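The structure under discussion appears below in the form of structure tokens.
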Amino acid sequence: MALASLAASLPIAAAAAAASRSRVSILLRGMASSSSSSSAGLVASPARVGVVQMTSVGDLDANYATCSRLTTEAASAGVKFLCFPEVFSFIGSKDGESIKIAEPLDGPIMQRYCSLAKESGMWLSLGGFQEKGLDDSHQYNSHVLIDDSGEVRSSYKKIHLFDVDVPGNMVYKESRFTTAGDTVVAVDSPFGRLGLSVCYDLRFPELYQCLRFKHQAQVLLVPSAFTKVTGEAHWEILLRARAIETQCYVVAAAQAGKHNEKRESYGDSIIIDPWGTVIARLPDRLSTGFAVADIDLSKVEAVRTKMPISEHRKFDSNWKTSSL
């Protein structure tokens, strides 16, 4: 689809959605050869992708009801792949609450979402799930990918943890309850080769360089819950930079608004094309809903052919160094 015609269709789709409201070790998690799903290289036509914006709270059932409603609406809009933000299923108001509800990926919380994917016939990207850790005082912040048969196709444990004193805001120390992952994850899908990440990872471009140049990612998924302060300053510009420097689509689902008295997220769920252009976003940065765009892998190849940075990059060369 030409960029002009795609851009013209997006405001209609977005408005309709809003209205309805090592060490890092490198592991390549591809799909089994027996899978019935298409690999990235076999995608012949654009695929409709939805990016969710929501305000999760400390109630598992309430958050699931929102996710279920949005999934039903997205399916009606022709979406085949729906991306949810970080901590989609639960945001607690007190320290340690997420540890109490953390479960393994085969536990009842995630299985509920697996059933949702199967019933809707849709792939789901679930960013920032509280996966039970190695001990009772730690969890993983896991990005889980579920296919349209309801199977967990892949998962990624967040590598870069948010231990930051945000100016004018509050102190966050994610590592207090969360164990960092050590594995870069890319996986084939009917929507292209997907590179998985979570929120604060966005500030570390080497991860996305690895996903693109070592693992041939075509679509980067960045589910997030950026703070209001950091979102206003850096959200869109960082996302567009990752798209431009990797020549990938970027799908960034965001938490939005006030979750409780202590926590507020910036919002602004967006989809960006490989040229760095925002091609979908909700009209209201804080509303609950989803925006839609068509992912066309021929555009990825076109951008990469015209601007062949993979041939020009010298990052892996033995550079000479000089210091004074």
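Just so you know, UniProt numbering puts 228 at position 228 of the sequence shown, and the rest follows in order with no gaps. Cβ atoms here follow ideal geometry from the backbone N, Cα and C, with glycine treated the same way. The structure displayed is predicted, hence computed values, not measured ones.
(message) For residue 160 and residue 58, what's the separation of their Cα atoms in angstroms?
(response) Those two C-alpha atoms are separated by around 24 Å.
(request) Mind checking which residues open and close the alpha helix (DSSP H) that includes residue 189? (result) Residue 189 -> not in any alpha helix (DSSP H); beta strand (DSSP E) instead, spanning 186 to 189.
(request) Reducing DSSP to helix, strand and coil, say where residue 248 ends up. (result) Under the three-state reduction of DSSP output, residue 248 falls in the coil class, being neither helix nor strand.
(message) With a threshold of 6 Å on Cβ separation, who are the neighbours of residue 123 within its own chain once the five nearest residues in sequence on each side are excluded?
(response) Answer for residue 123: 81, 147 and 148, listed in chain order.
(request) Let me know the secondary structure DSSP gives residue 213 once reduced to three states. (result) Residue state, collapsed to three classes: helix.
(message) Please return the same chain residues whose Cβ sits closer than 7 Å to the Cβ of residue 138, not counting the five positions on each side in sequence.
(response) Cβ neighbours of residue 138 beyond the five flanking positions: 177, 178 and 179.
(request) Work out the CA separation of residue 289 and residue 245 for me, nearest whole Å. (result) Approximately 29 Å, taken between the alpha carbons.
(request) Let me know the secondary structure DSSP gives residue 80 once reduced to three states. (result) Correct three-state label for residue 80: coil.
(message) What does the alpha-carbon distance come out to for the pair residue 271 and residue 215?
(response) The straight-line gap from Cα to Cα measures roughly 21 Å.
(request) Hey, could you find the ends of the beta strand (DSSP E) residue 293 is sitting in? (result) First-last of the beta strand (DSSP E) with residue 293: 289 to 295.
(request) Please look up how many angstroms separate the CB atoms of residue 269 and residue 52, rounded, as I've assumed it's under 8 Å. (result) Yes, they are in contact, since the Cβ atoms of residue 269 and residue 52 sit about 6 Å apart, within 8 Å.
(request) Drop a sphere of 10 angstroms on the beta-carbon of residue 193, count the other beta-carbons inside from all chains shown, and report buried for 16 or more, exposed for fewer. (result) When all chains shown are included, residue 193 counts as buried.
(message) Cutting at 8 Å between CB atoms, please list the residues of its own chain near residue 321, excluding the five before and the five after it.
(response) Non-local beta-carbon contacts of residue 321 in its own chain, meaning distances under 8 Å to residues more than five positions away in sequence, are absent.
(message) Whole angstroms are fine: how far does the CA of residue 284 sit from the CA of residue 231?
(response) Just so you know, the alpha carbons of residue 231 and residue 284 end up roughly 15 Å apart.
(request) Starting from the C-beta of residue 311, find all residues in its chain whose C-beta is less than 7 Å away, skip the five residues before and the five after it, and write them out in chain order. (result) Taking C-beta separations shorter than 7 Å and ignoring five residues to either side along the sequence, residue 311 has no partners in its chain.
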